[in-house]
Every structure is written in C-alpha cells, then in structure tokens.
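Below is one structure; the comments refer to it alone.
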Amino acid sequence: MATVNIVKRNREKGMRYQVYFKDPSTGKKKYYKTFQRQKDAQQAANDLRALLDSGKLPDKSRNKVHMMTFKEVADILEIEWKEKFQTGELAEKTISTYTDGLRPVKVEFGKILLNEIKEEHIKSYRAKVASELSNVSSNKRLFAIKQVFKKGIELNVVMDDPAIGINKLSEKEHERNRFLLPNELFALVDAAKKTKAKHYLPALIWLGAEHGASKQEVLSLKWSKVDFDFENDGKIRLFRTKNMMERTDFLMPNTKDALLHWKKHQEQMRKRKRISAGDSDFVFSHLNGSPIKCFNRAWWSALKIAGIENFHYHDLRHTFCSNLILSGVGIKEVKEMIGHSDIAMTDRYSHLSMDHKLRKQNQLSDYYAAHASTCTEYLVG
C-alpha cells in the first residue's frame, strides 16, 4: 500500500493540513497539497493513496499554483453563474444579486493577483463599504469575494482562502419592518386607480397585501395558476424562485375582484384593437402578451397620490404578515402562510403579537373590573 501522510501545521491564520506521499520510484517524500480542513485533507489522502496503488502518479500541473488576477477568476465565475441560469439552477433574481455584488469588487481588486490579496485587505474593504453604504451592501460584496476565492482554490490559483474566516456584519438594524394598516392600504389602492396603471396596479397591491406575494412572484404569475371557481372562493398558486417553493392559497376577495377586473379589461382591449397575445399566459402582460417587467413609475405615482412615504413593494409582504398577527394569527401560522423557510425570519413580527396579546389582556382586565364593581355593589347592598 502506498505511503501517504498528513502533517498538521499551526499557522498564523489557523491550522493547516499538508498532504505528503512517498514516490514509489525514488522513495523520496514529496509534497502534494495543503488544506484548511482536516476532513478535506483526509479525503485527498485517501484519493491519492488509491491513485498511487493503481500505479499512477499525481499530475504535477494540478498542484502548481497558477497566477491569475482577481478579475480573471471572477470572470470565470460569472460565466459559470450564467450557465447555471440557462440550465435553471439559478434564478434571474439570484444572478442579478450575485453580479451586483461582484461588479464593484472587480473594480476594487480586479488587477491584483488573487494570491496577493490578504485577510486584512478584505476586512478593510468590508469596513469601508459598510461605512460609506451599509452593512447589507458590505455583506453582498463579501459574499462575492468569498465565491471568487472558492473558485480560485478550485482552479489552483491560491492555496489558502483569506476570506474563509471573515463573517458577515449584522443586518439587524437595516431590516425593514415598514407596513400599512388597513386604512392606509385602502388609500394606496384608491390612489393606484388614479394612475396610468389603474387597471392592473390594484391587483398587484392586493396580491402583496393579501397573499404576501413578492414582486418576482406576481410578475411571473400565469393565468393557469389562478382558478377563480375553486370551491366558490378561487385559488392561486405562487412560485418563489428565491427558495424554489410553491404555495397554494384560497383567493382573497379583494385580490379576486382586482384580478377579474384586469382580465376583463385585457380581453376587451385586445378585442377592440385586434391584438393577439399569442400563447402568452402571463397575468401581468402587455396587449401583445409580453410580460410587464417593471411598474416603478406607477408605484411611485400611487404613493405620491396617497401621501405615503418610504414604502417599497416588498413592504407589502410585511403588511401581509403584520396584519395577520394583528388580526390574531400566531407566528407559526404566519410562517407557513408567507412561505418562510425559517421561523427566525418571522420572529421580526413577534412584537406585534405581544401588542395584540396586551390589548386582549386589557380587555379581560376591563371585563373583570366591570364585574368587580357590580359584585361590590351587590355585597354592600
């Protein structure tokens, strides 16, 4: 059996595991590879031992570090992301988020050789972005950097990953919890009816507020996923590419009315203008069937008319969750209805649950107080 050894080295950045082997032809000890995790080193040692036992030697070129800049590795990574998008492994929104984080990082580190970038350089850049922009932006760029170094190790451009021990910054204070109460929501819908998108914007709003739908879910929604006649109420199936999950809801009344109005309007306009949508099945589409990809102007216009500030379409998901809790629904049920994969994501609304509980307790206190005075009068009498 071939001789393969793992040697532990305590380096400044932590423990490293170096794999060595005995050359069968010369009997000399030779270096193979270095790993940051013992598990990876053990797997490599097992693979190397099997290779040597088969009478073959490891390819020297695979162990040789190749000189490449950060940009060169990042470009290879970006091509792989695009290929994964084409095969359906990554969603369009995910690709957009990844490339948005990668683009400024390529500008910062692009011309530097990947093996010359150290942990302190990355930490300094992380702090700079957090200071100038936000922790959220800093974390997005840190994610991109980590992906580039992972690819660099895969390509034998670097032996160690200086980004592996750098953690994300807290985003707690940057979480948006903005939501609308019912009177504000109705005001927004009324305002939407006064915009150029008056026929479809109300439906978009109700889908967000009554079903917790994201912008991606509504813009990719197809009529085949909407059944207006199901058990008199109707049902809708929403698919979120972010977590690759589909959820089915009964259609809420306001959503159903708004969708029926939009469908009727589309059919009338296509008939009047003699325009065919072809085989397009998108709910929110132009007369020719091409999907509506953006409604920012109409959205901003509706907000201005309603007098609502600092409110994003995604905040309608918060509106959905918050009003569910205020109406008495529990945190666990809200998690299931919104489609969160982790209860921690829903815990941001727990304070509303406590507020609701306090109001109910105050009602009970008033009830007891009212009966206590009656009993006192009875006993005195």
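Residue numbers (UniProt numbering): 1 to 381. For each residue, glycine too, the CB sits at the ideal point set by N, CA and C. Please read all numbers here as calculations on a predicted model, not as lab measurements.
Can you give me the Cβ contacts of residue i inside the same chain, cut-off strictly under 6 Å, excluding the 5 residues immediately before and after it?
i: D53; result: A2
i: N323; result: none
i: E132; result: none
i: F230; result: none
From the DSSP output, in three-state form, read off residue i for me.
i: Q43; result: helix
i: Y32; result: strand
i: N5; result: strand
i: E194; result: Correcting the residue identity first, residue 194 is Lys in this sequence and not Glu. DSSP places K194 in coil when its eight states are reduced to three.
i: V329; result: coil
i: N296; result: helix
i: V283; result: coil
i: P291; result: strand
i: L113; result: strand
i: N323; result: helix
i: M15; result: strand
i: K168; result: coil
i: K56; result: coil
i: T69; result: strand
i: Y313; result: coil
i: Y98; result: helix
i: N10; result: strand
i: F21; result: strand
i: N156; result: coil
i: S301; result: helix
i: P162; result: coil
i: F179; result: coil
i: L188; result: helix
i: L48; result: helix
i: T255; result: helix
i: I275; result: coil
Check this for me: beta carbons of residue i and residue j, under 9 Å apart or not?
i: V148; j: M67; result: no
i: I122; j: I166; result: yes
i: residue 422; j: F109; result: Limits of the chain in this structure are 1 at one end and 381 at the other, which puts residue 422 out of reach.
i: M337; j: G212; result: yes
i: G101; j: F143; result: yes
i: M159; j: T34; result: yes
i: P58; j: Y32; result: yes
i: residue 386; j: Q38; result: With the chain covering 1 to 381 only, the question about residue 386 has no answer from this structure.
i: P162; j: K118; result: yes
i: Q18; j: K28; result: no
Skipping 5 residues on each side, what residues in its chain have a beta carbon closer than 7 Å to that of residue i?
i: A192; result: K198, L201, P202, I205 and A302
i: L219; result: F284, P291, I292 and K293
i: L77; result: Q147, V148 and K151
i: E92; result: F85
i: D227; result: G234 and K235
i: K194; result: I305
i: Y313; result: G208, K215 and W299
i: D257; result: none
i: D23; result: K30
Leaving out five residues before and five after residue i in sequence, what residues of the same chain have Cβ atoms less than 8 Å from its Cβ?
i: G289; result: S276, A277, G278, D279, S280 and F282
i: E309; result: L303
i: R126; result: S138, R141, L142, I166 and L169
i: L287; result: Q266, M269, R270, K273, I275 and A277
i: M252; result: W206, E210 and H211
Residue i: which of the options sits nearest, CA to CA?
i: L260; options: L207, K273, I292 and K146; result: L207
i: L155; options: L114, V189 and F143; result: L114
i: K111; options: V73, S214 and T99; result: V73
i: residue 390; options: N10, D249 and M244; result: Since the first residue of the chain shown is 1 and the last is 381, residue 390 is not available in this structure.
i: L48; options: D227, I6 and E231; result: I6
i: R178; options: Q42, H318 and A306; result: H318
i: S224; options: Q268, N232, I236 and E184; result: I236
i: V107; options: R274, M15, R9 and D75; result: D75
i: L180; options: L51, G307 and G328; result: G307
i: N10; options: K118, G55, M252 and Q36; result: Q36
i: E246; options: V189, L221 and Q268; result: L221
i: K196; options: K28, L51, N296 and P24; result: N296
i: S25; options: V105, V329, S327 and K56; result: K56
i: T255; options: T87, V189, F239 and D315; result: V189
i: I164; options: E217, V329, S134 and E120; result: E120
i: F239; options: A369, D40 and E217; result: E217
i: V129; options: K263, T97 and P104; result: P104
i: L316; options: E184, A369 and S327; result: E184
i: M244; options: F320, V4, E89 and K30; result: E89
Please find out if some non-hydrogen atom of the ligand MG comes closer than 8 Å to the beta-carbon of residue i.
i: H199; result: Because no ligand of any kind appears in the structure shown, any question about the ligand MG cannot be addressed here.
Exercise. Going along the chain, which unbroken runs of the beta strand (DSSP E) with 3 or more residues stay wholly within the segment 117–154?
Worked result: none
For this session: Within the segment 203–252, note down every full alpha helix (DSSP H) run reaching 4 residues or more, in order along the chain.
Result: DSSP runs (the alpha helix (DSSP H)) wholly in the segment 203–252: 215–219.
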